[in-house]
């Protein structure tokens with residue numbers, strides 16, 4: 001699957017990363033022994049995520065547009081649909097958006 005491109009769930013960063021993002025990348029920190037072997041990578045939200053995206057050419061060290069969340073935990077102007085809202089307050093709306101687009105099969109809550 002490596003290198004295969006896909007359509008992003010949201011359009012907000014599509015233009016920014018049209019030539020480098022939205023493709024399957026691989027790394028040794030993901031394995032089928034501890035899960036499905038498939039994870040979502042978000043370079044603005046984790047050390048491994050950023051490292052892998054940097055190594056695979058998805059982002060550069062000087063890239064400032066990789067995190068659509070501000071310092072207060074609210075979506076920035078990048079995430080137009082949810083701009084200014086606290087991220088956890090958007091969960092149900094995000095799920096509904098994905099359902100409306102036929103991009104979600106099932107949802108569960110783990111307590």
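Residue numbers (my numbering): 1 to 111. Beta carbons are placed, not taken as given, at the ideal position from N, Cα and C, and that holds for glycine.
Can the beta-carbon of residue i be found less than 7 Å from the beta-carbon of residue j?
| i | j | result |
| --- | --- | --- |
| residue 81 | residue 68 | no |
| residue 62 | residue 70 | no |
| residue 23 | residue 46 | no |
| residue 107 | residue 94 | no |
In angstroms, rounded to a whole number, what distance separates the CA positions of residue i and residue j?
| i | j | result |
| --- | --- | --- |
| residue 74 | residue 34 | 31 Å |
| residue 72 | residue 84 | 10 Å |
| residue 51 | residue 88 | 26 Å |
| residue 60 | residue 44 | 12 Å |
| residue 36 | residue 91 | 23 Å |
On the DSSP bridge list, what partners appear for residue i?
| i | result |
| --- | --- |
| residue 5 | 23 |
| residue 74 | 86 |
| residue 69 | 75 |
Using only alpha-carbon positions, find the residue among the options that is nearest to residue i.
| i | options | result |
| --- | --- | --- |
| residue 54 | 108, 29, 20 | 20 |
| residue 10 | 107, 103, 110 | 103 |
| residue 15 | 58, 108, 93, 29 | 58 |
| residue 64 | 6, 107, 17 | 17 |
| residue 29 | 97, 96, 48 | 48 |
| residue 12 | 107, 96, 66 | 66 |
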